[in-house]
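So in my numbering, the last spot in the sequence shown is 1354, and the numbers never skip.
Beta carbons are placed, not taken as given, at the ideal position from N, Cα and C, and that holds for glycine.
Predicted model, so just to flag it, every value in this text is computed and none were measured.
What follows is a set of notes on a single structure, which appears directly below.
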Amino acid sequence: MRIAVTGSTGLIGSALVRSLRADGHDVVRFVRREPAAPDEARWDPRRGYVDPAGLAGCAAVVHLAGAGIGDHRWTPAYKKEIRDSRVDGTAAMARAVAALDEPPAVFVSGSAVGYYGDAGDRTVDETAPPGRGFLPEVCVEWEAAAAPAREAGVRTVLARTGLVVSGKGGAWGRMFPVFRAGIGGRLGDGRQYWPFISLHDEVAALRHIVDSPQLSGPVNLTAPEPPTNREVTAAMGRVLHRPTLLAVPAPVLRLVLGELSQDVLGSQRARPARLLESGFVFRHPGIEDAIRAAVARSEP
1055 MRIAVTGSTG
1065 LIGSALVRSL
1075 RADGHDVVRF
1085 VRREPAAPDE
1095 ARWDPRRGYV
1105 DPAGLAGCAA
1115 VVHLAGAGIG
1125 DHRWTPAYKK
1135 EIRDSRVDGT
1145 AAMARAVAAL
1155 DEPPAVFVSG
1165 SAVGYYGDAG
1175 DRTVDETAPP
1185 GRGFLPEVCV
1195 EWEAAAAPAR
1205 EAGVRTVLAR
1215 TGLVVSGKGG
1225 AWGRMFPVFR
1235 AGIGGRLGDG
1245 RQYWPFISLH
1255 DEVAALRHIV
1265 DSPQLSGPVN
1275 LTAPEPPTNR
1285 EVTAAMGRVL
1295 HRPTLLAVPA
1305 PVLRLVLGEL
1315 SQDVLGSQRA
1325 RPARLLESGF
1335 VFRHPGIEDA
1345 IRAAVARSEP
């Protein structure tokens, strides 16, 4: 199968590309620079340009590109980068897919459980409305930008991913050194739910979506039982054999992180209802299993 992937140098995208190629699939990686290899194609999301030759013959397009949510403090300029990289990039790719004479069977567009905002203790599945705040607003626009592909008759899936547990990067990649140093601890009161997914399950879920014609629209990519931050902290301590006595009060997080603290302190008790209904089986349904897999480097 020929599959196009954006965001192929990121944590999820690079793991997905390795997994697909290991099974013999032909992967086209869309890059923003001049292509330097036969498997690369050019796109420029700021200008709305996508090389149609890179999409030709593709059975699936998996669009994962976007600026990292937690990479920088949320200044007005970086908030604009977060929004533009997602909304403009998705719109460009969706329009390019829609314009093809022979479009792919499926367009998988990245999204996030940040769509639900701070939902407290309430369980949220794909039928829940968006929350309030910067991230929910971005997610609503981000998902709406995929509309041209759906309107052209292409099965379109909005992959609402949770926190990806991996030692290779992302939020968890930044957490591991802190906990290994013995200075990790709960954030705020620790009661907020953190919807997670192991890197292995994230890649497997994306591939399951591509292969499951019954799936369309929003799909939560999170483990079945999201833990609280307090439970995450305890699991990190057990796996790494380190104390987790320190805690960072919410006011300190707000002072240090600014508006980004909303993402850290917000609670999303997300349930992957549609994945489970479609028969997907998680390898790491529990947080401790996911952490152990990351520590053991048994990741794609």
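Helix, strand or coil for residue i, going by three-state DSSP, please let me know.
i               : result
glutamate 1088  : coil
isoleucine 1251 : strand
alanine 1150    : helix
histidine 1295  : coil
alanine 1166    : strand
glycine 1334    : Contrary to the premise, residue 1334 reads as phenylalanine rather than glycine in this sequence. The answer is coil: DSSP assigns phenylalanine 1334 none of H, G, I, E or B.
Taking the C-alpha atoms as reference points, what is the distance between residue i and residue j?
i               : j               : result
valine 1232     : alanine 1225    : 12 Å
glycine 1168    : isoleucine 1341 : 19 Å
asparagine 1360 : alanine 1259    : Residue coverage of the chain in this structure runs from 1055 to 1354, which leaves residue 1360 outside it and unanswerable.
alanine 1277    : leucine 1329    : 10 Å
proline 1281    : histidine 1338  : 13 Å
proline 1089    : valine 1116     : 19 Å
tryptophan 1097 : proline 1158    : 17 Å
leucine 1309    : glycine 1223    : 25 Å
glycine 1174    : arginine 1240   : 17 Å
arginine 1087   : glutamate 1094  : 10 Å
Between the options, which has its C-alpha nearest residue i's C-alpha?
i              : options                            : result
aspartate 1265 : Pro1183, Arg1209, Ala1119, Glu1156 : Arg1209
histidine 1295 : Arg1086, Leu1311, Ile1237          : Ile1237
glycine 1333   : Val1306, Val1310, Phe1250, His1262 : His1262
leucine 1212   : Pro1157, Leu1269, Ala1288          : Leu1269
Please state if the CB of residue j and the CB of residue i are separated by a distance shorter than 8 Å.
i                  : j              : result
alanine 1166       : threonine 1129 : no
glutamate 1135     : alanine 1121   : yes
valine 1160        : tyrosine 1170  : no
leucine 1109       : alanine 1076   : no
phenylalanine 1250 : alanine 1344   : yes
valine 1151        : alanine 1203   : yes
Going by DSSP, what residues sit across from residue i in a beta bridge?
i               : result
tryptophan 1097 : Val1104
aspartate 1080  : Arg1056
leucine 1217    : Phe1250
valine 1286     : Valine 1286 pairs with nothing; no bridge assigned.
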